[in-house]
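Q: Let me give you the structure first, and then I'll get to my questions.
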Amino acid sequence: MTQLLEEANPSGPVQVNDIEITIDRDVCIGASACIPPADKTFTLDDEGKAIVQATASEEDEANIIDAARACPVQAIKVKRGEEQIV
Ligand code: SF4
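All residue numbers in the sequence shown are consecutive under this note's numbering, ending with 570.
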């Protein structure tokens with residue numbers, strides 16, 4: 485069973501150290517491209533949608549940003565404060 489960062493909010497928005505991650509579940513197609521760059525952060529739920537794992541806080545921020553950029557449908561948004569990074 486996957487340990488989620490926020491049980492009530494599996495796809496965000498969730499705060500991971502200095503950044504906020506949001507996955508648009510309506511846009512996510514379960515392509516899994518986000519998982520190899522940041523496998524402590526992203527996995528898929530039973531519906532094939534990306535979710536944020538509890539271990540995300542151990543992931544390098546650069547990996548999370550790479551993962552968001554790897555998404556073929558731009559489903560992952562990353563913010564640092566008010567700054568939209570991805
Ligand atoms: S790469 Fe994008 S579409 Fe694929 S699982 Fe991750 S968020 Fe969803």
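Note that the Cβ used here is the ideal one computed from N, Cα and C, for glycine as well. Quick caveat: nothing in here was measured; it's all calculated off a predicted structure.
(1) List in chain order: all unbroken alpha helix (DSSP H) runs of 4+ residues lying wholly within the region 528 to 565.
(2) Please report how far the alpha carbon of ASN547 lies from the alpha carbon of GLU531, in whole angstroms.
(3) Let me know if ILE565 comes out buried or exposed under the rule of 16 or more other beta-carbons within 10 Å of its beta-carbon.
(4) Ignore the nearest five residues each way along the sequence and tell me which others in ALA559's own chain have a CB closer than 6 Å to its CB.
(5) Does any residue of chain C have a CB that is nearer than 8 Å to the CB of ILE560?
A: Quick look at the numbers:
(1) If we require 4 residues or more, the alpha helix (DSSP H) runs fully inside the region 528 to 565 come out as 545 to 554.
(2) The residue labelled residue 547 in the question sits at position 63 within the sequence shown. The residue labelled residue 531 in the question sits at position 47 within the sequence shown. Looking at the two C-alpha atoms, the distance is approximately 24 Å.
(3) Here the question's residue 565 lines up with position 81 in the sequence shown. A small fix is needed here, since residue 565 is Gly in this sequence, not Ile. Burial state of GLY565 is exposed, judged by a 10 Å Cβ sphere holding fewer than 16 other Cβ atoms.
(4) Start at 1 with the first residue of the sequence shown, and residue 559 comes out as number 75. Take ALA559, set aside five residues on each side of it, and the residues of its chain with a beta-carbon closer than 6 Å to its own are ILE507, ASP508, VAL511 and CYS512, in chain order.
(5) Although the question refers to chain C, the structure presented lacks it and comprises just one protein chain.
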